[in-house]
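In our numbering, the protein residues as written are 3 to 199.
Even glycine gets a Cβ: it sits at the ideal position worked out from N, Cα and C.
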């Protein structure tokens with residue numbers, strides 16, 4: 003039950019922020035959008051800080067793994083979703099209000115969805131071993147020639163991609179160092195006896 007509750011929380015948070023983003027961005031007065039995104043940025047910074055350094059990452063992920071070994075990966079994915087939504091929301095506002103320009107790629111227009119895809123594309127492109135975009139024949143959703151957009155992408159790579167990939171590789175690093183991973187097992191429900199096949 004703890005695992006289900008943890009997974010629900012890890013999924014519910016990005017879904018709520020997605021709904022929030024679609025409700026606020028481009029619809030509310032600019033000053034209110036900025037205030038909301040500033041608060042969101044502070045929350046995101048806190049979530050990233052928890053996995054930003056090796057010591058913090060180990061402390062958090064070891065605690066979360068006590069509930070279930072899958073929860074650290076779920077936390078990492080949740081943070082990635084929140085960051086992608088945040089960066090796409092900020093970029094969308096800059097496109098609409100400040101004239102920041104992005105050009106069509108595989109997406110025909112700049113929308114919250116295409117911007118979210120744009121940041122996910124950059125996340126997967128940052129994993130060189132798997133060459134995810136090339137393997138899936140996934141063209142970049144949007145392109146840019148502006149140095150300002152390049153700075154936003156670079157900021158995303160440094161403050162989001164680096165700690166999130168660090169969190170995803172936490173398992174491999176623990177196994178290589180010889181640390182014992184938490185035991186994961188499936189136990190039969192009470193009153194149920196296993197049968198032989």
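Whole angstroms are fine: how far does the CA of residue 146 sit from the CA of residue 152? Distance between the alpha carbons of residue 152 and residue 146 is about 8 Å.
Roughly how many whole angstroms lie between the Cα atoms of residue 198 and residue 81? Unreliable placement is indicated for residue 198, whose pLDDT of 48 sits below 50; the coordinate value is still reported in the next sentence. Between residue 198 and residue 81, the C-alpha separation is close to 42 Å.
Residue 60 to residue 175 span [Cα, whole Å]: 10 Å
Using beta-carbon positions only, say whether residue 50 and residue 95 come within less than 9 Å of one another. no
Are the CB atoms of residue 142 and residue 107 within a distance shorter than 9 Å? yes
I'd like to know whether the C-beta atoms of residue 12 and residue 121 end up nearer to each other than 9 Å. no
Locate the alpha helix (DSSP H) running through residue 122, then write down its first and last residues. 114 to 127
Measure how close the beta-carbons of residue 84 and residue 15 come, nearest whole angstrom, since I'm counting them as under 8 Å. 7 Å
Provide the residue span of the alpha helix (DSSP H) that contains residue 60, from first to last. 56 to 69
By alpha-carbon positions, which one of 109, 23 and 159 ends up nearest to residue 126? 159
State the Cα-Cα distance for the pair residue 53 and residue 44, rounded to the nearest angstrom. 15 Å
Simplified DSSP assignment, three categories, for residue 130: coil
Does the structure place the segment 86 to 100 close enough to the segment 16 to 31 that three or more beta carbon pairs sit under 8 Å? The way I'd put it, the segment 16 to 31 does touch the segment 86 to 100; three or more beta-carbon pairs between them come closer than 8 Å.
Thinking just about the alpha-carbon of each residue, which of 172, 168 and 157 is nearest to the one in residue 88? 157
Is the beta carbon of residue 154 less than 9 Å from the beta carbon of residue 112? no
Just mark residue 123 as buried or exposed, buried being the case when its beta carbon has 16 or more other beta carbons within 10 Å. buried
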